[in-house]
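Notes to accompany the following structure.
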Amino acid sequence: MLISPAFGHSHTTQKPNGKTHSSYLQYDASNNFTFVVTHRNGSTFVSPFVTGNLTELKVGVLLPFHQTDNNSTMQITLSGASAIRMAATEINVRQLIPGAYITLVEKDSYPKEVEGQAAITQAVFSAVSLIQEGVIGLIGDISSSWTSLSALMTSTLQIPQCSFSAVATSLSDKTQYGYFFRTIPTDLLYVDAALSFITSQGWPMIGILYSGDDFGQQLSENIIMKARMRGIIVKTYQSFYEDGPTSNIQQSINALMRSDARVILVAAEGKALTAALTVAANSGYISDSSVWLMFGEATVPLIDSIDRFNRVIAQRIRAPDSIQTVVRYAGLTGLNQKTSQAVDPAEYAARVTTYIRPIDFNTTFSGGVFMFRSRMDLTGYSPFDEFMEKWSRLDPKM
1 MLISPAFGHS
11 HTTQKPNGKT
21 HSSYLQYDAS
31 NNFTFVVTHR
41 NGSTFVSPFV
51 TGNLTELKVG
61 VLLPFHQTDN
71 NSTMQITLSG
81 ASAIRMAATE
91 INVRQLIPGA
101 YITLVEKDSY
111 PKEVEGQAAI
121 TQAVFSAVSL
131 IQEGVIGLIG
141 DISSSWTSLS
151 ALMTSTLQIP
161 QCSFSAVATS
171 LSDKTQYGYF
181 FRTIPTDLLY
191 VDAALSFITS
201 QGWPMIGILY
211 SGDDFGQQLS
221 ENIIMKARMR
231 GIIVKTYQSF
241 YEDGPTSNIQ
251 QSINALMRSD
261 ARVILVAAEG
271 KALTAALTVA
281 ANSGYISDSS
291 VWLMFGEATV
301 PLIDSIDRFN
311 RVIAQRIRAP
321 DSIQTVVRYA
331 GLTGLNQKTS
341 QAVDPAEYAA
351 RVTTYIRPID
361 FNTTFSGGVF
371 MFRSRMDLTG
381 YSPFDEFMEK
391 WSRLDPKM
């Protein structure tokens, strides 16, 4: 999309209260479309130059336009804003909403470089400003934490809000965020896929191993709720990793497996997930008589975890630990969070395990272990290819 000033028209006025009101025209050559960009009261309004007797529908855009200290956030913000403008242009050019046109009202949720409570106050003020502007819907924010602030307000006022980057599972709680939705997949999507797979295999009963953090707790609650709706029996659910890397993961998995559940869903991510699978493999629980299912792609991290575990096991075989050494490592459980996080969970598990034997990755994980992940690249699918081609021609700095 080639954007250029149209006819060179611009206009700036100074109001009695000292606030500046400026506007100018821009021309979208690829769509043969002229639109007006107006800056007023800290907001940017983008609307068609010619509106006739059409009804204006304001859609808010809440993004951290000035958060430049994080390159990833900046790229997501600018590319997302360009895509939103592209969508609004297409709606207006093709008159997809009969008798109406879209005006985008863009507001910066991070207008000044501040931290802590001041940053939160800025984000809340920006959301309130958009609501007071009369938007019928809102797009944003980038981070899950800031999105939750605005989504609580919009849901209370029954204003639809959509985010293309906030992935926190807590935002799926419809009792709090009834009018919030998103276009990015979350781990809750994997739950549906996993339970559908379990149902298709005719497995009537499952066990759940979940990490003791917010992610594991929210995911496990969602699994339990949806499993019951599908008629799947949750035989047992067991938490682990409450103390981080120095948790007694072996004890948690032993308790889980005593229930006789042999189809296990692991609700965890990152090192908690790979540590659980490493300990389960070392204990002999990953075998032909069990099925383990997890969410997201973790093959490479799991291989790394197994390698670190095996290196420590090899050291123990060459030079067996004394009772004092094992006790010393076992005594690490309950360290403060900062110290505990510095410990590698795979190495710690290898140091304290009583099963002093290496794990053969290829043999152990050759079957019975399933990872569910979403496919983000739809190259070859015509609508996706067309969208990406149009998006690639956008000017993210317009």
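In UniProt numbering, the protein residues as written are 1 to 398.
Ideal placement from N, C-alpha and C gives every residue a C-beta, glycine not left out.
Small disclaimer: the values here were computed from a predicted structure and weren't measured.
Helix or strand or just coil, what does DSSP make of Val114?
Indexing the sequence shown from 1 puts residue 114 at position 114. Here Val114 sits in coil by DSSP.
Give a yes or no on contact between the stretch 196–213 and the stretch 153–166, applying the rule of three or more CB pairs nearer than 8 Å.
no
Whose C-beta lies closer than 7 Å to the C-beta of residue 445 among residues of the same chain, with five residues either side of it excluded?
With the chain covering only 1 through 398, there is no way to say anything about residue 445.
Spatially closest choice to Thr175 from Leu152, Ser143, Ala168, Gly296, by CA coordinates
Mapped onto the sequence shown, residue 175 falls at position 175. Put simply, of Leu152, Ser143, Ala168, Gly296 the residue whose alpha carbon is nearest the alpha carbon of Thr175 is Leu152.
Leu104 beta carbon less than 9 Å from that of Ser144
Translated into positions along the sequence shown, residue 144 becomes position 144. Translated into positions along the sequence shown, residue 104 becomes position 104. Cβ distance not < 9 Å, so Ser144 and Leu104 don't count as in contact.
Quick one: grab the DSSP three-state call for Ala29.
In the sequence shown, the residue the question calls residue 29 occupies position 29. Coil, per DSSP.
For Ile250, which residues of its own chain have a beta-carbon under 6 Å away from its beta-carbon, when the five flanking residues on both sides are left out?
Counted from its first residue, the sequence shown places residue 250 at position 250. For the record, residue 250 in the displayed sequence is Gln; it is not Ile. Same-chain partners within the cutoff: Val279.
Cβ neighbours of Ser252 in the same chain (closer than 6 Å, five flanking residues each side left out):
Residue 252 sits at position 252 when you count from the first residue of the sequence shown. Around Ser252: Gln238, Phe240.
I'd like to check one pair, Glu133 with Tyr101: are the Cβ atoms closer than 9 Å?
What you label residue 101 is simply residue 101 of the sequence shown in a count that begins at 1. What you label residue 133 is simply residue 133 of the sequence shown in a count that begins at 1. Not in contact: Tyr101 and Glu133 (Cβ atoms no closer than 9 Å).
Please report the straight-line C-alpha distance between Asp141 and Leu96, rounded to a whole angstrom.
Along the sequence shown, read from residue 1 onward, the residue named residue 141 stands at position 141. Along the sequence shown, read from residue 1 onward, the residue named residue 96 stands at position 96. So the two alpha carbons sit approximately 25 Å from each other.
Note down, in chain order, each residue of its chain lying with its Cβ closer than 8 Å to the Cβ of Ala261, except the 5 sequence neighbours on either side.
Numbered from 1 along the sequence shown, position 261 holds the residue referred to as residue 261. Here the set comprises Met205, Ile206, Gly207, Lys235, Thr236.
If contacts are defined as beta-carbon pairs under 8 Å, then Phe384 and Leu378 qualify, I think. What distance do you get, rounded to the angstrom?
As a working mapping, residue 384 is identified with position 384 in the sequence shown. As a working mapping, residue 378 is identified with position 378 in the sequence shown. Going by Cβ atoms, the distance from Phe384 to Leu378 rounds to 4 Å, so yes, they are a contact pair.
By a C-beta neighbour count over all protein chains shown, 10 Å radius and 16 as the cutoff for buried, is Ile110 buried or exposed?
Taking the first residue of the sequence shown as position 1, residue 110 is located at position 110. A quick correction: the sequence has Tyr, not Ile, at residue 110. Counting Cβ neighbours within 10 Å, Tyr110 comes out buried, since at least 16 surround it.
When Ser289, Ala275, Pro245 are compared against Ala342, the one with the closest alpha-carbon:
Walking along the sequence shown from the start, residue 342 turns up at place 342. Cα-wise, what sits closest to Ala342 is Pro245.
For Val128 and Arg308, the rounded distance between their alpha carbons
Along the sequence shown, read from residue 1 onward, the residue named residue 308 stands at position 308. Along the sequence shown, read from residue 1 onward, the residue named residue 128 stands at position 128. One C-alpha to the other measures close to 50 Å.
Mind checking which residues open and close the beta strand (DSSP E) that includes Phe365?
Here the question's residue 365 lines up with position 365 in the sequence shown. For Phe365, there is no enclosing beta strand (DSSP E), as DSSP gives it neither H nor E.
Range covered by the alpha helix (DSSP H) that runs through Asp108:
Sequence index remark: in the sequence shown, residue 108 carries index 108 (1-based). No alpha helix (DSSP H) holds Asp108; the beta strand (DSSP E) holding it covers 100–108.
Note down, in chain order, each residue of its chain lying with its Cβ closer than 6 Å to the Cβ of Gly216, except the 5 sequence neighbours on either side.
Residue mapping note: residue 216 aligns to position 216 of the sequence shown, counting from 1. Once the five neighbours on either side are set aside, the close Cβ partners of Gly216 are Tyr210, Ala267, Ala268.
Quick one: grab the DSSP three-state call for Thr55.
Position 55 of the sequence shown, counting from 1, holds the residue named residue 55. Strand at Thr55.
According to the neighbour-count rule (16 or more other Cβ atoms, all chains shown, within 10 Å of its Cβ), is Ile264 buried or exposed?
Against the sequence shown, residue 264 aligns to sequence position 264. Buried.
Grouping DSSP H, G and I as helix and E and B as strand, with all else coil, what is Ser283?
To locate residue 283, count along the sequence shown from 1; it is residue 283. DSSP places Ser283 in coil when its eight states are reduced to three.
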